[in-house]
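So the sequence shown is numbered by our numbering: it starts at 7 and just counts up by one.
Quick notes on the structure that follows.
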Amino acid sequence: MTAAALPNRPAGMPAPNDNPVEGGLWRAAAQGRLDIQCCEACDKHRNPPSAACIHCGSFDWRWDTMPGTGVVMTYVWIPDPARKGQDLPSPYYNVAVVELDGVRGPPARIVTNIIDAWQLDDLQVGQRVELACIKLSEEVGLPCFTRVAGSAGQ
Ligand SMILES: [Zn+2]
């Protein structure tokens, strides 16, 4: 699948920023993992990546590999006219907020795409999802998700 035909990436969208603060998230996704930051001082997870802990302010942190499962908290469908003429099952893509499993401390969430959901009825709040990374290059990927069968939300 070419970058232009990815279900969740408008043509021309730049690759993720592989910098020291957030690069680990994208590099892990290239290898099929979901890594998020964990504070070395208070041992709480956080996402999105930040230089300092949102809980205690410490600048000491590490990457932890998460289970890669979670629950859709909210989502939106976005029509993309640039997708016309592409071999895709829908003129829409979704952007979802997933609350991650395995987090220490307050809930950590990720803004992502549910890449096997194409129609408006395909997503519900409470839907269980699992990691399905899209490798963009040898260096970086996108931590996306797919629906877990039989786990529709309330
Ligand atoms: Zn902390």
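Yeah, the Cβ is synthetic: ideal placement off N, Cα and C, and Gly gets one too.
Asked: Taking the alpha carbon of residue 72 as the reference point, which residue from 156, 137, 154, 142 has its own alpha carbon closest?; Found: 137
Asked: Report the three-state DSSP secondary structure of residue 8 (helix, strand or coil).; Found: Low confidence applies to residue 8: its pLDDT is 38, below 50, so where it sits in the model is not reliable, and the reading given next is rough at best. Three-state DSSP puts residue 8 in coil, outside helix and strand.
Asked: Nearest-angstrom Cα distance between residue 160 and residue 81?; Found: The pLDDT assigned to residue 160 is 43, lower than 50, so where the model puts this residue is not dependable; a value taken from the coordinates is nonetheless given after this. One C-alpha to the other measures close to 15 Å.
Asked: Apart from the five residues on each side of it in sequence, which residues of its chain come closer than 6 Å, Cβ to Cβ, to residue 63?; Found: none
Asked: Considering only the alpha carbon of each residue, which of 143, 142, 141, 120 lies closest to residue 133?; Found: 120
Asked: At a cut-off of 6 Å, would you count residue 51 as near ligand 1, judging by its Cβ distance to the nearest heavy atom?; Found: no
Asked: Going by DSSP, what residues sit across from residue 85 in a beta bridge?; Found: 98
Asked: Pick helix, strand or coil for residue 111, following the three-state DSSP scheme.; Found: coil
Asked: By a C-beta neighbour count over all protein chains shown, 10 Å radius and 16 as the cutoff for buried, is residue 100 buried or exposed?; Found: buried
Asked: In three-state DSSP terms, what is residue 39?; Found: coil
Asked: Which same chain residues end up closer than 8 Å to residue 46 when comparing Cβ atoms and leaving out the 5 residues on each side of it in sequence?; Found: 64, 66, 67, 68
Asked: Taking one C-beta from the stretch 135-149 and one from the stretch 34-52 each time, how about it: are there three or more such pairs within less than 8 Å?; Found: yes
Asked: Which one of 88, 106, 107, 142 has the shortest CA to CA distance from residue 98?; Found: 88
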